[in-house]
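Novice: Residue numbers (full-length UniProt numbering), protein chains in the order written: chain A, 1 to 216; chain B, 1 to 216; chain C, 1 to 216.
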Amino acid sequence: MTTSTALLLADLTGVAVFAASGASAAVAKRLDLFGVVFVGFVAALGGGIFRDLVINEVPPLAFADWRYAATAAVTAVAVFWLHPQLARLRTTVLVLDAAGLGLFTVTGTVKALDAQVPAVGACVVGMLTAIGGGLGRDLLTAEIPVVLRREIYAVAALAGSIMVAVLDGLGHANAAWLTVAAGSVFVLRLIALRRRWSAPVATLRPPPSGIRGPHP
Amino acid sequence: MTTSTALLLADLTGVAVFAASGASAAVAKRLDLFGVVFVGFVAALGGGIFRDLVINEVPPLAFADWRYAATAAVTAVAVFWLHPQLARLRTTVLVLDAAGLGLFTVTGTVKALDAQVPAVGACVVGMLTAIGGGLGRDLLTAEIPVVLRREIYAVAALAGSIMVAVLDGLGHANAAWLTVAAGSVFVLRLIALRRRWSAPVATLRPPPSGIRGPHP
Amino acid sequence: MTTSTALLLADLTGVAVFAASGASAAVAKRLDLFGVVFVGFVAALGGGIFRDLVINEVPPLAFADWRYAATAAVTAVAVFWLHPQLARLRTTVLVLDAAGLGLFTVTGTVKALDAQVPAVGACVVGMLTAIGGGLGRDLLTAEIPVVLRREIYAVAALAGSIMVAVLDGLGHANAAWLTVAAGSVFVLRLIALRRRWSAPVATLRPPPSGIRGPHP
Numbered sequence: 001m002t003t004s005t006a007l008l009l010a011d012l013t014g015v016a017v018f019a020a021s022g023a024s025a026a027v028a029k030r031l032d033l034f035g036v037v038f039v040g041f042v043a044a045l046g047g048g049i050f051r052d053l054v055i056n057e058v059p060p061l062a063f064a065d066w067r068y069a070a071t072a073a074v075t076a077v078a079v080f081w082l083h084p085q086l087a088r089l090r091t092t093v094l095v096l097d098a099a100g101l102g103l104f105t106v107t108g109t110v111k112a113l114d115a116q117v118p119a120v121g122a123c124v125v126g127m128l129t130a131i132g133g134g135l136g137r138d139l140l141t142a143e144i145p146v147v148l149r150r151e152i153y154a155v156a157a158l159a160g161s162i163m164v165a166v167l168d169g170l171g172h173a174n175a176a177w178l179t180v181a182a183g184s185v186f187v188l189r190l191i192a193l194r195r196r197w198s199a200p201v202a203t204l205r206p207p208p209s210g211i212r213g214p215h216p
Numbered sequence: 001m002t003t004s005t006a007l008l009l010a011d012l013t014g015v016a017v018f019a020a021s022g023a024s025a026a027v028a029k030r031l032d033l034f035g036v037v038f039v040g041f042v043a044a045l046g047g048g049i050f051r052d053l054v055i056n057e058v059p060p061l062a063f064a065d066w067r068y069a070a071t072a073a074v075t076a077v078a079v080f081w082l083h084p085q086l087a088r089l090r091t092t093v094l095v096l097d098a099a100g101l102g103l104f105t106v107t108g109t110v111k112a113l114d115a116q117v118p119a120v121g122a123c124v125v126g127m128l129t130a131i132g133g134g135l136g137r138d139l140l141t142a143e144i145p146v147v148l149r150r151e152i153y154a155v156a157a158l159a160g161s162i163m164v165a166v167l168d169g170l171g172h173a174n175a176a177w178l179t180v181a182a183g184s185v186f187v188l189r190l191i192a193l194r195r196r197w198s199a200p201v202a203t204l205r206p207p208p209s210g211i212r213g214p215h216p
Numbered sequence: 001m002t003t004s005t006a007l008l009l010a011d012l013t014g015v016a017v018f019a020a021s022g023a024s025a026a027v028a029k030r031l032d033l034f035g036v037v038f039v040g041f042v043a044a045l046g047g048g049i050f051r052d053l054v055i056n057e058v059p060p061l062a063f064a065d066w067r068y069a070a071t072a073a074v075t076a077v078a079v080f081w082l083h084p085q086l087a088r089l090r091t092t093v094l095v096l097d098a099a100g101l102g103l104f105t106v107t108g109t110v111k112a113l114d115a116q117v118p119a120v121g122a123c124v125v126g127m128l129t130a131i132g133g134g135l136g137r138d139l140l141t142a143e144i145p146v147v148l149r150r151e152i153y154a155v156a157a158l159a160g161s162i163m164v165a166v167l168d169g170l171g172h173a174n175a176a177w178l179t180v181a182a183g184s185v186f187v188l189r190l191i192a193l194r195r196r197w198s199a200p201v202a203t204l205r206p207p208p209s210g211i212r213g214p215h216p
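#1: Just mark alanine 23 (chain B) as buried or exposed, buried being the case when its beta carbon has 16 or more other beta carbons within 10 Å.
#2: Going along chain B, which residues have a C-beta under 8 angstroms from isoleucine 144 (chain C)?
#3: If we count the other Cβ atoms within 10 Å of its Cβ and call it buried at 16 or more, is valine 187 (chain C) buried or exposed?
#4: Which chain C residues sit within Cβ distance under 8 angstroms of tryptophan 66 (chain B)?
#5: Could you tell me which of A:Ala20, A:Thr91, A:Val180, A:Ala192 sits nearest to glycine 102 (chain A), measuring between CA atoms?
#6: From the DSSP secondary-structure annotation, give me the bridge partner or partners of aspartate 32 (chain A).
#7: For alanine 44 (chain C) versus valine 120 (chain A), is the C-beta spacing smaller than 8 angstroms?
#8: If you measure beta-carbon to beta-carbon, which residues of the UniProt domain "Glycine transporter" (9 to 83) of chain B are closer than 9 angstroms to chain A?
#9: Check each candidate in B:Thr13, B:Ala20, B:Asp11, B:Ser184 and name the one with the smallest Cα separation from alanine 157 (chain B).
#10: Can you list, in chain order, the residues of its chain with a C-beta nearer than 6 angstroms to that of glycine 14 (chain A)? Leave out the 5 residues immediately preceding and following it.
#11: Using CA atoms only, rank isn't needed, just tell me which of B:Thr129, B:Leu193, B:Ala154 is closest to arginine 90 (chain B).
#12: Given a cut-off of 8 angstroms on the beta-carbon distance, is the pair threonine 141 (chain A) and alanine 16 (chain A) in contact?
#13: Output, in chain order, the set of chain A residues within a Cβ distance shorter than 9 angstroms of leucine 148 (chain B).
#14: Return no unless some Cβ of chain E is closer than 8 angstroms to the Cβ of alanine 159 (chain A).
#15: Are the C-beta atoms of valine 124 (chain C) and some chain B residue less than 8 angstroms apart?
#16: So what's glycine 171 (chain C) in DSSP terms, helix, strand or just coil?
#17: What in chain C is Cβ-close to valine 201 (chain A), meaning under 8 angstroms?
#18: Whose Cβ in chain B lies nearer than 9 angstroms to the Cβ of alanine 154 (chain C)?
#19: Using the beta-carbon count (16 or more within 10 Å), is serine 4 (chain C) buried or exposed?
#20: So is alanine 115 (chain B) in contact with chain A if we call contact Cβ pairs under 8 angstroms?
#21: Considering only the alpha carbon of each residue, which of B:Asp52, B:Asn174, B:Gly47 lies closest to alanine 112 (chain B)?
#22: Three-state secondary structure (DSSP) at valine 117 (chain B)?
#23: What did DSSP end up calling aspartate 65 (chain C) once you bin it into helix, strand or coil?
#24: Between the beta-carbon of valine 36 (chain A) and the beta-carbon of valine 125 (chain A), is there less than 8 angstroms?
#25: Can you list, in chain order, the stretches of the alpha helix (DSSP H) that have 4 or more residues and sit fully within the segment 89 to 153 of chain B?
#26: Rounding to the nearest angstrom, what Cα-Cα distance links proline 216 (chain A) and phenylalanine 41 (chain C) in this structure?
#27: Expressed to the nearest angstrom, what Euclidean distance is found between the alpha-carbon atoms of glutamate 57 (chain B) and glycine 136 (chain A)?
#28: Would you decide whether glycine 134 (chain C) is buried or exposed? Buried here means 16 or more other CB atoms lie within 10 Å of its CB.
#29: Given a cut-off of 8 angstroms, decide if glycine 171 (chain B) and glycine 47 (chain B) are closer than it, judged by their beta-carbon atoms.
#30: Quick one: grab the DSSP three-state call for isoleucine 55 (chain B).
#31: Just verifying my parser: in three-state terms, what is the DSSP assignment at proline 84 (chain C)?
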C-alpha cells in the first residue's frame, strides 16, 4: 500500500465516522432518509468544504472526488437502517471519532500552510476543518453546537494544529511527525473523554440579560 | 424573445417565488420589514451564492447582476404588504415553487459541469443550488430545515441533477433535453405534493439519547 | 500615525467590540471558554470572511493577518473573565458597537467596489460585512438573529453602504467622505437606539400557518 493510498483510506475513514455522527443525530431528530443522508454529508464534508473555499481550492474536494460524497452517503444510509445496533457500538464510534478529529486537524492545517496561509490563520483553518462538520450538523438540527459547550474537543484540535504549524516552521512537517501530531489529538481527546475534562464555564453572578444588548 | 432573455426571465421567476417563500416564513415569525427582505433574499439567492463560491464564479451572480437582488427585494416587500391575500394563492405559490425547484436544479448542475466539477459532485452542487435557499431561510428562522423533514423535495432536485449529469455524459445537454429535466423535477414535485409522498423515517426503538454522543 | 495605521487601528477596534458582543452572548448561554472565544471570533470576523470569499480575496484577511484573530481571541477571553463588570459598561459597548457598524459597512463596501462588484451588489456585500458577524453569533447560540427582529441596525448599515456606492460613482470615495459615511451610520444607529426606532412589523390577520407552505 502506497503512502497516498494510506492517506486516502485514512481520510475516507474520517469521513465515514463523521457521517455516522451526523446521521445518528438526524435519526434522533426524526429526519427522513434524505435528511439523515444530508446531515451526514454536512457533518462529514462541511469542514473540508469550508477549508477548501478559504484556501481557494475549488471545486472543494467533497465535490471534486466522488469517493468522498459516496462514502458519506453510504455510511449515512447504513446508520439509518442499523442505528439500533449502533447504540451498542458507542465506544467504538467515540474512538473512531477521536481518530477522525486528529486526522482532519492535521490535513486541514497542512493544506492551509501549503496554500500560503500564515501560521496563526492556518491553525484556525485546521481546527475549523476538524470541527466544522459537527457545527454544521448541530446548526441543521437546531442545537447550540455541542462542540461549543462540552469537553475538550475543539481544544484538542487547536492543540494539534498548533503542533503542525510549529513542525512546519521547524521544517519537520514530514509523514512521521504529522502522524505524531494526529496521534496526539487522538490521545488528548480520548483522555478528555475518560477523565471528563471540560473547558471552564464562566460564573454568572449578575443577571446576564443586560449584557446581551451590545450588538443588537 | 431570444433564448438568453427567456432563461433570464425564467431565472428571475425562480428568484421571485423563492423570495416569496422566505418572506412568508419571516412574516409568520414576526420579523420586521428588513428581516422579511433579508430572509427573502437568502431564500432566493442563498443557493446560487453557495454554488458560485464552490465553482469559483466570483463575485456570485447575486451580487454581480443587480436584477437578482432587486427581484428578491421587491418580491419580499410585496409579500410584507400583501401577505393576507397570499394565503389564498397558496396553490399557485406551491406550483411556482416547484417550477423554481426544477429550474434551479438544472441551471445549478449545468453551471457546475461547465466549471469542470465531476459528475457526482455536480449533482450535489445542483441539488444544493435548488434547496440551499430554503435551508438558509429555515436556519435564519430557527427551524430544523423543513426540506430535511418532509416530502419529496430535495430528492426531486437530486433526481433532476442526476438526469442532467447523464444527459451531459451522453452529449445531449441541449436546451430541449434540459427543459425536459427541469420539467421532470417540476412534475415529480407536484405529484409528491398531491400524493403526499415522503421519504421514509427511521423507527426509533432504543432511546436515541445515547446515540448522539459520538461526535463531540 | 499614518493613514494605514489609523485604518488598521480602527479596523481592530471594530473587531474587538464585535468580539465582545459575541463573547457576552456566549457567556449568557453558558458556553465554555472555548465556546466563548469561538462565538467571539465568529461575531468579529464572520462578516469579513464572507466578504472576502465573495470578492475572492483568499485566504480571507481573518486568516491572512494574525492580528485579527488575536484581537478577537484576547477580547473574548477578557470578556469571559470580566463579564460582570461589563454589564456596567453597557452604554460604552453600545456606542463602540455602533462605531464598529459604521466602520465595517464602509470598508466592506469599498473593498467590494474595488473588486469590481457592481454598485447594488457592493451595497449588499457591505451591509453583510457589517451584520454578518452578528448573524453568525445568533445562529451559533440558536437564536433568531436579533438583527432581523429589532431596531434600525442593518438598515443603518445599508444606508451607509448606499452612501459609499454613490460617493464612488461620483468619484468622491476619498478618506474624508468615507469617514462622513461611517459617521453617518454611527449617528443613525445611536439616534435609533435613543429614540427606540424600529422597522415596521407586518400585521398578522389570518392564521400565518397556512402561509408557510410554499417552499417545502
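Where is the CB? At the ideal position from N, CA and C, for every residue including glycine.
Specialist: Reading from the atomic positions:
#1: buried
#2: Lys29, Leu31, Leu140, Thr141, Ala142
#3: exposed
#4: Pro118, Ala119, Val120, Gly121
#5: A:Val180
#6: B:Val201
#7: no
#8: Leu53, Val54, Ile55, Asn56
#9: The shortest C-alpha separation from alanine 157 (chain B) is found at B:Ser184.
#10: Gly100, Leu103, Phe104
#11: B:Leu193
#12: Taking 8 angstroms as the Cβ cut-off, threonine 141 (chain A) and alanine 16 (chain A) do not qualify as a contacting pair.
#13: Ala26, Lys29, Leu31, Asp32, Phe34, Gly35, Val36, Phe38, Val39, Leu140, Thr141
#14: This model lacks chain E altogether, as its protein chains are A, B and C.
#15: yes
#16: coil
#17: Within chain C, Arg30, Leu31, Asp32, Leu33 have C-beta atoms less than 8 angstroms from the C-beta of valine 201 (chain A), given in sequence order.
#18: Phe34, Gly35, Phe38
#19: By the Cβ neighbour-count rule, serine 4 (chain C) is exposed, with fewer than 16 other Cβ atoms within 10 Å of its own.
#20: yes
#21: B:Asp52
#22: The answer is coil: DSSP assigns valine 117 (chain B) none of H, G, I, E or B.
#23: coil
#24: If you check the CB distance, valine 36 (chain A) and valine 125 (chain A) do not come in under 8 angstroms.
#25: 90 to 114, 119 to 140
#26: Below a pLDDT of 50, predicted positions are generally treated as unreliable, and proline 216 (chain A), at 39, falls in that range; the measurement from the model is reported next regardless. When rounded, the distance between both Cα atoms is 17 angstroms.
#27: 24 angstroms
#28: buried
#29: no
#30: coil
#31: helix
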